[in-house]
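Numbering (the numbering used here), first residue to last: 51 to 393. Cβ atoms here follow ideal geometry from the backbone N, Cα and C, with glycine treated the same way. Note that the structure is a prediction, hence the values are computed from the model and not measured. All remarks here apply to the structure that follows.
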Ligand SMILES: Nc1nc2c(ncn2[C@@H]2O[C@H](COP(=O)(O)OP(=O)(O)OP(=O)(O)O)[C@@H](O)[C@H]2O)c(=O)[nH]1
Ligand SMILES: [Mg+2]
């Protein structure tokens, strides 16, 4: 799981990456790209940690990658480094622009390039398959001949593949192409300090179905550089409860259709990241292969039931809120789980 940060040159990509991950990117001279993990801000996790006061806390992490490539080779480097990314964060310069129209055109500029890049891939593939005699077509060639022409039409209309209504099966058969515009995308407007409403106006004008998140990267970078005490005072003085980069991390996380379950104890409180819809044995397998192989039962307390039971598993059990779930149980976001297994 990884999220690539894209955007026109000097839009604030590295600044955003640095405040989210705490990893320095702009000083990494000569590196084509830098990877970093952002901590997923989660009140539920913080509460669990405050109850158990464990030796070790392991919150969920969201992996981001920032690409530093410049010049003529930048596009190839970007394609290579981000081909495996599961999602994209598109950062748009909203600090040097004064009009929404400028922000819109910056947004369209990169989106159009991505669409064009995908269109070229589709056309090349169609030209190649077109030369194969019908009798020699592999099942994959046939699948591509069936899907790609409609995708070509879609891209030619200037639309991204993510809005082409592809079935899961079709999307899977297209995986090897690493299309840009098939990846889920979050729009981040890097606004000037005084213009935080820009993101909402932009989202409306651009006709986005998803909201765009506004953040002033420079300001947040300055805040992040303050000592923790001053940071709190500063945020309080500005009437901000949480820096906006936390919202970016959260939105990027849900973009990937992921969720967390928790394991708790005095040694460690940990958030485990799994795809939405994961069944209990697979979820157990993220902890250890043996847990999946020898899965017997999952002892589950939902986060809400835990809090309603004075934040105690024992009290939850007494209240009949501890469930014993089997192999078919689909793990729910926030479940607190102990797995029973036997190998
Ligand atoms: N005024 C203002 N300047 C910003 C903001 N965010 C970034 N900058 C400045 O814009 C310049 C580019 O920032 P970066 O974060 O390096 O942008 P980038 O997109 O990574 O740039 P490249 O990797 O070179 O394409 C730097 O000089 C930043 O200080 C912002 O919110 N407000
Ligand atoms: Mg950069």
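DSSP, read as helix, strand or coil, puts residue 91 in coil. Measuring C-alpha to C-alpha distances from residue 111 to each of 97, 99, 92 identifies 92 as the nearest. Taking each of 104, 105, 73, 98 in turn and checking the Cα distance to residue 113, the smallest one comes out for 73. For residue 117, the pairing in a beta bridge is given by DSSP as 83.
DSSP, read as helix, strand or coil, puts residue 257 in coil.
Residue pairing for residue 325: DSSP places it in a beta bridge opposite 308. In this structure residue 289 is exposed. Its beta-carbon is surrounded by fewer than 16 other beta-carbon atoms within 10 angstroms. The three-state reading of DSSP puts residue 57 in strand, counting E and B together. Rounded to whole angstroms, residue 295 and residue 119 show a C-alpha spacing of 24 Å.
Placement of the Cβ of residue 293 at a distance of 7 Å or more from every heavy atom of ligand 1 is found. Membership of residue 290 in any alpha helix (DSSP H) is not indicated, and neither H nor E is assigned to it by DSSP. Distances taken from the Cβ of residue 118 to the heavy atoms of ligand 1 include one shorter than 7 Å. Taking the Cβ atoms as the reference, residue 265 lies roughly 6 Å from residue 238, within the contact range of under 8 Å.
Between residue 279 and residue 270, the alpha-carbon positions lie close to 15 Å from each other. At least 8 Å separates the beta-carbon of residue 62 from that of residue 307. Rounded to whole angstroms, the separation of the alpha carbons of residue 159 and residue 255 is 15 Å.
Beta-bridge annotation (DSSP): residue 140 is paired with 56, 237. For the pair residue 208 and residue 170, the CB atoms are not nearer than the 8 Å cut-off.
Residue 377 and residue 392 have their C-alpha atoms roughly 14 Å apart.
Residue environment for residue 125: exposed (fewer than 16 other C-beta atoms within 10 angstroms of its C-beta). With respect to the C-alpha of residue 345, the residue from 281, 80, 389 having the closest C-alpha is 389.
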